[in-house]
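Asks: Questions regarding the structure given below will be posed in turn.
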Amino acid sequence: MDDEAEDMSGRNTGKPEGNKKAKERVKVELEAASFREKLDQLMKSKEALTMKTLETKLLITEKKKEVKLAKVQARREDAKLKAELDMKMIALKEAKAMKELLAEERDIMMMRTDGMDEDQLAWWNETKADIIARKKAARQVRAQGDSPASGGAGGDGLVDG
1 MDDEAEDMSG RNTGKPEGNK KAKERVKVEL EAASFREKLD QLMKSKEALT
51 MKTLETKLLI TEKKKEVKLA KVQARREDAK LKAELDMKMI ALKEAKAMKE
101 LLAEERDIMM MRTDGMDEDQ LAWWNETKAD IIARKKAARQ VRAQGDSPAS
151 GGAGGDGLVD G
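Using UniProt numbering, read the sequence shown as starting at 1 and increasing by one per residue.
Quick look at the structure:
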């Protein structure tokens with residue numbers, strides 16, 4: 001059969017194409033054009049899908065960065081609040097210790113001395129002198145710190161003894 005096709009093609013070289021061959025060629029060209037269009041559409045849709053995927057990845061990356069930044073800021077805020085809380089706790093402990101010391105000093109200053117022996121009286125006098133010296137030193141420090149610009153109150157509300 002192949003021999004017959006070769007013979008016919010060799011024999012019909014100078015003849016014009018027939019309607020059947022022309023129709024076949026047009027049909028093949030239309031199919032090829034259709035395939036090219038479909039391939040172009042497929043490539044365009046693939047490109048669009050790739051672009052959407054890249055855009056989505058970029059958005060996700062940006063969101064992750066924002067979340068990380070928010071977490072870092074939250075940690076900083078927490079650390080700052082913790083530091084402030086620690087400072088307040090230290091101030092409260094200092095105030096409590098000072099209150100206890102002042103109460104103890106007040107008790108010592110108000111002690112009755114008529115029932116004390118010589119050793120107890122000597123201890124009481126030394127302790128009283130130390131308390132008075134501390135109060136004077138504290139008053140001097142406050143007086144130096146109380147300039148009109150600082151707006152300090154000056155007094156500590158304690159009974160001087």
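The C-beta atom is built at its ideal place from N, Cα and C for all residues, glycine as well.
1. Taking only three categories from DSSP, how would you classify Asp146?
2. Applying the criterion that 16 or more other CB atoms from any shown protein chain within 10 Å of the CB defines a buried residue, is Glu105 buried or exposed?
3. Would you list, in sequence order, the uninterrupted beta strand (DSSP E) runs of no fewer than 3 residues that lie entirely inside the segment 48-114?
4. Look up Ala153 in the DSSP assignment and say whether it is helix, strand or coil.
5. Give the secondary structure of residue 162 by DSSP, where H, G and I count as helix, E and B as strand, and everything else as coil.
6. Rounding to the nearest angstrom, what Cα-Cα distance links Lys68 and Met43 in this structure?
Replies: Straight from the coordinates:
1. As a working note, residue 146 is residue 146 in the sequence shown. Three-state result, Asp146: coil.
2. The residue labelled residue 105 in the question sits at position 105 within the sequence shown. Buried is the call here.
3. none
4. Walking along the sequence shown from the start, residue 153 turns up at place 153. Note that Ala153 has pLDDT 49, beneath the 50 cutoff, so the model's placement of it is unreliable and no number is given.
5. Any answer about residue 162 is impossible in this case: the structure gives the chain only from 1 up to 161.
6. Locating residue 68 in the sequence shown gives position 68, where the first residue counts as 1. Locating residue 43 in the sequence shown gives position 43, where the first residue counts as 1. Near 37 Å, if we compare the C-alpha coordinates of Met43 and Lys68.
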